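Asks:
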Amino acid sequence: MTHTDRDAVAEVLREAYSQGQLDEDEFEERLDQAMRAKYGADLEPLTQDLGFSSNGRTSGPVSGAAKADGPIESTAVERVVAGVGHAGNYFFPIVTPLLLFLIGDQVSPYIRRQAMESLNFQLACLIGSVVSLLLIWLVVPAFMLLFIVLGWAILPAIGTIASLMGKDWRYPMPDRFRILKDD
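Reminder that position 44 of the sequence shown reads as 44 in the UniProt record's numbering, one-by-one numbering, no gaps.
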């Protein structure tokens, strides 16, 4: 067994957690077991009930919107509203995804998920920009600020297009920088 095997299981567990198949305690417990596993057979039970095998491929029925590949189940209206959540960052930063995130539970898990992604990205951009501006005299934060501005200008457009296509768009941010987590 290799680290790649453990990482594949960890990714399946993260996806199951983000889709609501696992609660936080169960996710952490399974992730800990995956990282301590010594044999491939130790990994199989960790993802079996999620509809995935330890290699990340589907092994049985997949519940909810979690699938190995392909778009998440969503209607055309949900895709448009989720797209507005991303595109709204150009017109009403933070406000548009925040409103969609707050009403997302009543509307659609897909909309809530995309609004959460958009809101996390906007908050990370805001925090990064403020820190970079405060430390701009160090020169390195000036490059970071440029990187943030370029990302803010480009990535919401990509998120909008991906949402309109029904994709489960995730901004390229490490999980440890995610400010909000879906329950």
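Where is the CB? At the ideal position from N, CA and C, for every residue including glycine.
Keep in mind it's a predicted model, so treat the numbers as computed, not measured.
Looking at C-alpha atoms only, which residue of 98, 112, 45 is the closest neighbour of residue 78?
Replies: Looking at the Cα atoms, 112 is the closest of the given residues.
Asks: Between the C-alpha atoms of residue 105 and residue 34, what's the straight-line distance to the nearest angstrom?
Replies: When rounded, the distance between both Cα atoms is 31 Å.
Asks: Can you look up residue 127 in the DSSP assignment and give me helix, strand or coil?
Replies: Looking at residue 127 - three-state DSSP - the assignment turns out to be helix.
Asks: May I ask which residues mark the beginning and end of the alpha helix (DSSP H) holding residue 144?
Replies: Where residue 144 is concerned, the enclosing alpha helix (DSSP H) stretches over 140-164.
Asks: Which same chain residues end up closer than 8 Å to residue 28 when comparing Cβ atoms and leaving out the 5 residues on each side of it in sequence?
Replies: There are no such residues.
Asks: Where do the N-terminal and C-terminal ends of the alpha helix (DSSP H) with residue 45 fall, by residue?
Replies: That run of the alpha helix (DSSP H) goes 40-48.
Asks: For residue 163, collect the residues of the same chain with a Cβ closer than 7 Å to its Cβ; drop the 5 residues on either side in sequence, then sort them by chain order.
Replies: Cβ neighbours of residue 163 beyond the five flanking positions: 79, 82, 83, 86, 114, 169.
Asks: Please state the DSSP three-state secondary structure of residue 20.
Replies: Here residue 20 sits in coil by DSSP.
Asks: If the criterion is Cβ atoms closer than 8 Å, does the pair residue 214 and residue 98 meet it?
Replies: Absent from the model: residue 214. The displayed extent of the chain is 1 to 183, so no value can be given.
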